[in-house]
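The structure appears below as structure tokens.
In full-length UniProt numbering, the protein residues as written are 1 to 152.
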């Protein structure tokens, strides 16, 4: 868990160095993923799932807004930031390899099989159908000509 906190601090520092909204959104998404991983190891994992889904929904709205406003802005990455991101990715992969070798971590792995087995299978399939119907209804309700992100 210390590694996840350390990676979150690196992403916070990296966020301050960025100036393009797309790269800032990517760092914010990575930070959300790290925080939800920390929350799932501390508390019940459902809270982290809900927080991650809420943040991803907000990020999708921000992404649509930013692409409608600044759609043709070029994305340039500085070599220093690229090296910093590459080093953090390399350190994360080293941590993952060390985590696989450790035996006590293998005993504590979480499995999603219990959510898709018989008692919860009906609830999960109903939730999936509800989300699909909600998505289809949202698409049908919003008319592109009168929507909030209309083009002139």
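Backbone N, C-alpha and C fix where the C-beta goes; we use that ideal spot for every residue, glycine too.
Bear in mind that the values here come from a model prediction, so they are computed numbers and not experimental data.
is_contact[residue i, chain C] using C-beta, thresh 9 Å
i           : result
residue 133 : Structure shown: chain C not included; a single protein chain is present.
Residue i vs residue j beta-carbon contact at 9 Å
i           : j          : result
residue 28  : residue 7  : no
residue 36  : residue 55 : yes
residue 153 : residue 59 : Because residue 153 is not part of the residues shown, which for the chain are 1 to 152, the question remains open.
residue 16  : residue 81 : no
Integer Cβ distance of residue i from residue j, believed to fall under 8 Å
i          : j          : result
residue 38 : residue 4  : 5 Å
residue 52 : residue 25 : The pair is not a contact, with the Cβ atoms about 15 Å apart (cut-off 8 Å).
Distance cut-off 8 Å: residue i Cβ against heavy atoms of the ligand SAM
i          : result
residue 78 : Of the ligands one can find in the structure shown there are none, so the ligand SAM has no counterpart to examine.
Counting Cβ pairs closer than 8 Å, one from the stretch 79-86 and one from the stretch 43-52, do we hit at least three?
no
With a floor of 4 residues, list each alpha helix (DSSP H) that falls wholly inside the stretch 117-141, ordered by position along the chain.
118-141
What residue ranges within the stretch 15-47 form continuous alpha helix (DSSP H) runs of no fewer than 4 residues, ordered along the chain?
21-42
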